[in-house]
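Asks: The sequence shown begins at 1 in the UniProt record's numbering and counts up by one.
Glycine included, C-beta positions come from ideal geometry on N, C-alpha and C.
First, the structure itself, so that you have it in front of you.
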Amino acid sequence: MQLFTIARQIVFGTLLLLLIPARAEFVQTTITVGEGVNTLYGSLLVPGHKTKPPVVLIIAGSGPTDRDGNSPALPGKNNNLKMLAEELAIAGFASVRFDKRGIGESFAAGKAEEDLRFQTYVTDVQSWIQLLNKDPRFSGVAVIGHSEGSTLGIMALQNESVQAYVSVAGPAQSASKILRAQLANKLPPDLAKLNESILTSMEKSEFVKDVPAPLLALYRPSVQGYLMSWFPIVPADAIKKLAMPIAIFQGDTDIQVGVSQAVQLAQAQPKAELHVIKGMNHIMKTVPADNAQQIASYSDPNLVLDADFIKKLTSFLKRNLVAK
Numbered sequence: 001m002q003l004f005t006i007a008r009q010i011v012f013g014t015l016l017l018l019l020i021p022a023r024a025e026f027v028q029t030t031i032t033v034g035e036g037v038n039t040l041y042g043s044l045l046v047p048g049h050k051t052k053p054p055v056v057l058i059i060a061g062s063g064p065t066d067r068d069g070n071s072p073a074l075p076g077k078n079n080n081l082k083m084l085a086e087e088l089a090i091a092g093f094a095s096v097r098f099d100k101r102g103i104g105e106s107f108a109a110g111k112a113e114e115d116l117r118f119q120t121y122v123t124d125v126q127s128w129i130q131l132l133n134k135d136p137r138f139s140g141v142a143v144i145g146h147s148e149g150s151t152l153g154i155m156a157l158q159n160e161s162v163q164a165y166v167s168v169a170g171p172a173q174s175a176s177k178i179l180r181a182q183l184a185n186k187l188p189p190d191l192a193k194l195n196e197s198i199l200t201s202m203e204k205s206e207f208v209k210d211v212p213a214p215l216l217a218l219y220r221p222s223v224q225g226y227l228m229s230w231f232p233i234v235p236a237d238a239i240k241k242l243a244m245p246i247a248i249f250q251g252d253t254d255i256q257v258g259v260s261q262a263v264q265l266a267q268a269q270p271k272a273e274l275h276v277i278k279g280m281n282h283i284m285k286t287v288p289a290d291n292a293q294q295i296a297s298y299s300d301p302n303l304v305l306d307a308d309f310i311k312k313l314t315s316f317l318k319r320n321l322v323a324k
């Protein structure tokens, strides 16, 4: 009787395993590019069920955002880029996400603030693309740029080749134009005039020596070189020059980047697919247009990525990432 019970448990357990949908396994290892103090560190996630998968380079957004999509400037973690890499692995794609220089494990590669230029980060992205294009473990390469990472990807691909490019919550306008819009009607009249004067000067690549204290966080002398290298870049102009298949994704509850930015990118590049995801916010999660819930989502690692976004993203990649 006991033997029969054990046998029945084995059969029943095996049946359960057959009924449960298989979840793709993946293996994560460290990957680097560069040498010495300029070494940049990333995570390579490879699906266990693929022998030679395509690989997707994921570029994080602005500020101190790390490879997982988290920032020390915010409480808690949201892990959106880590979740994205895992979703890609389940769909059969390898991925690389990395800490930008000066961030996370790549902290030692950071330059002094006055020496930083936007092109520094563009060149770093190009180095990652070159590394992946030469790697025989992968059958193709795509790039996903999130937020400011969208602009970095667009600029890097002016001189590099991949099979597909994806912009997620990326701006279409220049940084100076967006900054001007963000500050409109939010400064006292006298300070608004000074802000416009500073912006106008920097758009002409003119350093501003006297910055009022309330605006130092934005325009301190040590950051002006970086801003002046960034302001001339107009993503909507640059995306026109890309020849590979492109998909543009934008959530309609994004409180940082509006749908109009995605529309402008798509208008500039008519061959691109435009996907406006209903209910998706800036960090690719399903969150209502409620400020309290939006802010909370940036620190919630239990909130998963928007399902419709993942479905449409993986569909685009499967259609356009083919074996070399």
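(1) Pull the bridge partners of Glu273 from the DSSP assignment, please.
(2) What's the gap between the Cα of Lys77 and the Cα of Lys134?
(3) Checking the sheet assignment: what are the DSSP bridge partners for Gln28?
(4) Is Asp207 buried or exposed, if buried means 16 or more other CB atoms sit within 10 Å of its CB?
(5) Assess contact between the segment 192-199 and the segment 123-130, defined as three or more Cβ pairs (one per stretch) separated by less than 8 Å. Is contact present?
(6) Give the secondary structure of Ala184 by DSSP, where H, G and I count as helix, E and B as strand, and everything else as coil.
(7) When you compare only the Cα positions, how much space is there between Pro72 and Pro64?
(8) Take Tyr121 as the anchor and find which of Gly140, Glu203, Leu88, Ser229 has the nearest alpha-carbon.
(9) Are the CB atoms of Ala94 and Pro47 nearer to each other than 8 Å?
(10) How many Å lie between Phe138 and Arg97 at the Cα?
(11) By the three-class DSSP mapping on this structure, what secondary structure does Leu305 have?
(12) Comparing alpha-carbon positions, which option in Gly149, Glu148, Leu132, Thr151 lies nearest Ala142?
(13) Report the three-state DSSP secondary structure of Lys111 (helix, strand or coil).
(14) Below 8 Å between beta carbons: does that hold for Ile248 and Ala266?
(15) What's the C-alpha gap between Ile295 and Val304?
(16) Rounded to a whole number of angstroms, what is the C-alpha to C-alpha distance between Ala268 and Ala238?
Replies: Inspection of the coordinates gives the following:
(1) Within the sequence shown, residue 273 is the residue found at index 273, counting from 1. Looking at the DSSP output, Glu273 sits in a beta bridge with Ala247.
(2) As a position in the sequence shown, residue 77 is number 77, starting the count at 1. As a position in the sequence shown, residue 134 is number 134, starting the count at 1. Answer to the nearest angstrom: the Cα atoms are 33 Å apart.
(3) Within the sequence shown, numbered from 1, the residue matching residue 28 stands at position 28. DSSP lists Leu45 as partners of Gln28.
(4) Taking the first residue of the sequence shown as position 1, residue 207 is located at position 207. Inspection of the sequence shows that residue 207 is occupied by Phe rather than by Asp. Label assigned to Phe207: exposed.
(5) no
(6) The residue you call residue 184 lines up with position 184 of the sequence shown. In the structure shown, Ala184 sits in coil (DSSP, three-state: anything other than H, G, I, E or B).
(7) Along the sequence shown, read from residue 1 onward, the residue named residue 72 stands at position 72. Along the sequence shown, read from residue 1 onward, the residue named residue 64 stands at position 64. Cα to Cα, the separation comes out at about 7 Å.
(8) Mapped onto the sequence shown, residue 121 falls at position 121. Nearest of Gly140, Glu203, Leu88, Ser229 to Tyr121, Cα basis: Ser229.
(9) Residue numbering aside, residue 94 sits at position 94 when the sequence shown is read from its first letter. Residue numbering aside, residue 47 sits at position 47 when the sequence shown is read from its first letter. Yes, they are a contact pair.
(10) Residue 138 sits at position 138 when you count from the first residue of the sequence shown. Residue 97 sits at position 97 when you count from the first residue of the sequence shown. So the two alpha carbons sit approximately 15 Å from each other.
(11) Counting from 1 along the sequence shown, the entry for residue 305 is found at position 305. Residue state, collapsed to three classes: strand.
(12) As a first step, residue 142 is located in the sequence shown; it is residue number 142 there, counting from the start. Ranking Gly149, Glu148, Leu132, Thr151 by Cα distance to Ala142 puts Leu132 first.
(13) If you number the sequence shown from 1, residue 111 lands on position 111. Lys111 sits in coil when the DSSP states are folded into three classes, being neither helix nor strand.
(14) To locate residue 248, count along the sequence shown from 1; it is residue 248. To locate residue 266, count along the sequence shown from 1; it is residue 266. Yes, they are a contact pair.
(15) On the sequence shown, residue 295 is found 295 positions in, with the first residue counted as 1. On the sequence shown, residue 304 is found 304 positions in, with the first residue counted as 1. Going from the Cα of Ile295 to the Cα of Val304 covers about 15 Å.
(16) Taking the sequence shown and counting its residues from 1, the one referred to as residue 268 is at position 268. Taking the sequence shown and counting its residues from 1, the one referred to as residue 238 is at position 238. Each residue's CA atom was taken as its position, placing Ala268 and Ala238 some 9 Å apart.
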